[in-house]
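*Asks:* The structure under discussion is supplied below as structure tokens; questions concerning it will follow.
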Amino acid sequence: MSLFRKFVHQKIFNERGVTLVELLVAVGIFLAIILPLSSIYISGISLYDRTRIETDLQNETDFILSNILNTVQDASYFELPNDSFDPTRHNTLVAIFKNSLAGKSLLPPEDEGKSRDGLITYDLKLAYDTETKKQQSMLKRTFYQFPQLSSGDSQSNPNITNDSNNVWKTFKHDEGYVVGGLFTVTEHNDKLTIYLVVAPKGKSGTIRNGQKAEFTDLNDVLHELNRLQTERKSLASSDNEPLHFIRFVKTEFAVNNMKNG
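Just so we're aligned, residue 131 is where the sequence shown starts under the working numbering, counting upward by one.
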């Protein structure tokens, strides 16, 4: 009799389908498997995207430095201006490079006053004058600075005559980046030091990993550095977190065509 009851009970149970408890258990097991996998997938995408941005940032920085080096080496000689082309911009750059997040002693105090936001190249060319039948020299002066307009556009300065022998240019760069830099030379004019900051350009204000990922200009970069600096003073755990979307470079190279006097 007991076997019959067991058989009937089993048949009835099987025919009524899945109970609510069983359904909830199944859903719970499903979520327990899917949610961690989804989290890992999303985290992987975020890491890949951040790594891509950082790699592009590094490549752009290398391109700009290479362009500056070629510009200086291809010139007959070069010099730094007596004063920065844009004092306000210069002060912003000094504040950026002095920020602790840019690296300790990135811009030494003794170099602040000597730094300039651009440089001047001179190209000496010889041309044969058919009338005088003599070689004549022509000197072209080019004023280079980091972009305020579009890359490669001619700049202007009310104190300088802008003609074929006096031209203003910006260093070549990808217009998708905010770029700024300062220059110094050693006492003996044998080394040129470049301080460079590069960051993605945009107006979205996207925050990734607690850091701003796009910037409108250098002032925006400085504001973010100050924000992170203040935040990290109160959160010791994030002190060692590197900057992912602002890249700093200090590099120097030997020169032998620095103008003297």
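Note that CB positions come from ideal geometry on N, CA and C, so glycine has one too.
Bear in mind the structure is a predicted one, so any value in this text is a computation, not a measurement.
Report all residues from its chain with a CB closer than 6 Å to the CB of Lys380; omit the five preceding and five following residues, and keep chain order.
*Replies:* The residue given as residue 380 occupies position 250 in the sequence shown. Only Leu236 and Tyr325 meet the Cβ criterion.
*Asks:* Rounded to whole angstroms, what's the CA-CA distance from Asn386 to Lys234? Just pull it up for me.
*Replies:* By one-based count along the sequence shown, residue 386 stands at place 256. By one-based count along the sequence shown, residue 234 stands at place 104. Computed Cα separation, rounded: 29 Å.
*Asks:* Looking at the secondary structure, which residues open and close the alpha helix (DSSP H) in which Thr360 lies?
*Replies:* Position 230 of the sequence shown holds residue 360. First-last of the alpha helix (DSSP H) with Thr360: Leu348 to Ser364.
*Asks:* With distances taken from CA atoms, which of Ser334, Asp216, Tyr207 and Arg219 is nearest Thr129?
*Replies:* Only positions 131 to 391 of the chain appear in this structure, which leaves residue 129 out of reach.
*Asks:* Determine contact between the stretch 208-224 and the stretch 311-318, defined as no fewer than three beta-carbon pairs at a distance below 8 Å.
*Replies:* Taking 8 Å as the limit for Cβ pairs, the verdict is that the stretch 311-318 does touch the stretch 208-224.
*Asks:* Could you check the C-alpha separation between Leu199 and Ala162 for me, to the nearest Å?
*Replies:* Sequence index remark: in the sequence shown, residue 199 carries index 69 (1-based). Sequence index remark: in the sequence shown, residue 162 carries index 32 (1-based). Rounded to whole angstroms, Leu199 to Ala162 spans 56 Å at the Cα level.
*Asks:* Provide the residue span of the beta strand (DSSP E) that contains Leu312, from first to last.
*Replies:* Counting from 1 along the sequence shown, the entry for residue 312 is found at position 182. Counting along the chain, the beta strand (DSSP E) containing Leu312 begins and ends at Tyr307 to Val315.
*Asks:* For the beta strand (DSSP E) that Ala384 lies in, which residues bound it at each end?
*Replies:* As a first step, residue 384 must be located in the sequence shown, where it is residue number 254. Here the beta strand (DSSP E) through Ala384 covers Arg377 to Ala384.
*Asks:* Taking only the alpha-carbon atoms, compute the straight-line gap between Asp320 and Asn349 and give it to the nearest angstrom.
*Replies:* Position 190 of the sequence shown holds residue 320. Position 219 of the sequence shown holds residue 349. Going from the Cα of Asp320 to the Cα of Asn349 covers about 32 Å.
*Asks:* Return the chain-ordered list of same chain residues with a C-beta closer than 6 Å to the C-beta of Asp241, the five sequence neighbours on each side being excluded.
*Replies:* The count along the sequence shown starts at 1 and reaches residue 241 at position 111. Around Asp241: Thr314.
*Asks:* Just curious, the beta strand (DSSP E) that Thr323 is in, first and last residue?
*Replies:* Locating residue 323 in the sequence shown gives position 193, where the first residue counts as 1. First-last of the beta strand (DSSP E) with Thr323: Lys321 to Pro330.
*Asks:* So, with DSSP's three-state summary, where would you put Glu242?
*Replies:* Locating residue 242 in the sequence shown gives position 112, where the first residue counts as 1. Looking at Glu242 - three-state DSSP - the assignment turns out to be helix.
*Asks:* Look at the alpha carbon of Glu261 and the alpha carbon of Arg377, and state the distance between them as a whole number of angstroms.
*Replies:* Along the sequence shown, one-based indexing puts residue 261 at 131. Along the sequence shown, one-based indexing puts residue 377 at 247. Taking the straight line joining both Cα atoms gives about 55 Å.
*Asks:* The alpha helix (DSSP H) that contains Phe273, what's its start and end?
*Replies:* Looking up residue 273 in the sequence shown gives position 143. Here Phe273 belongs to no alpha helix (DSSP H); instead the beta strand (DSSP E) covers Lys264 to Gln275.
*Asks:* Can you name, in chain order, every residue of its own chain whose Cβ lies under 6 Å from the Cβ of Asp304, other than the five neighbours on each side?
*Replies:* Translated into the one-based positions of the sequence shown, residue 304 becomes position 174. Result list for Asp304: Glu190, in chain order.
*Asks:* State the Cα-Cα distance for the pair Glu371 and Gln275, rounded to the nearest angstrom.
*Replies:* To locate residue 371, count along the sequence shown from 1; it is residue 241. To locate residue 275, count along the sequence shown from 1; it is residue 145. Answer to the nearest angstrom: the Cα atoms are 32 Å apart.
*Asks:* Give the secondary structure of Lys302 by DSSP, where H, G and I count as helix, E and B as strand, and everything else as coil.
*Replies:* Within the sequence shown, numbered from 1, the residue matching residue 302 stands at position 172. Coil, per DSSP.
*Asks:* Which class does Asn296 belong to by DSSP, given the choice of helix, strand or coil?
*Replies:* By one-based count along the sequence shown, residue 296 stands at place 166. Asn296 falls in the strand class under three-state DSSP.
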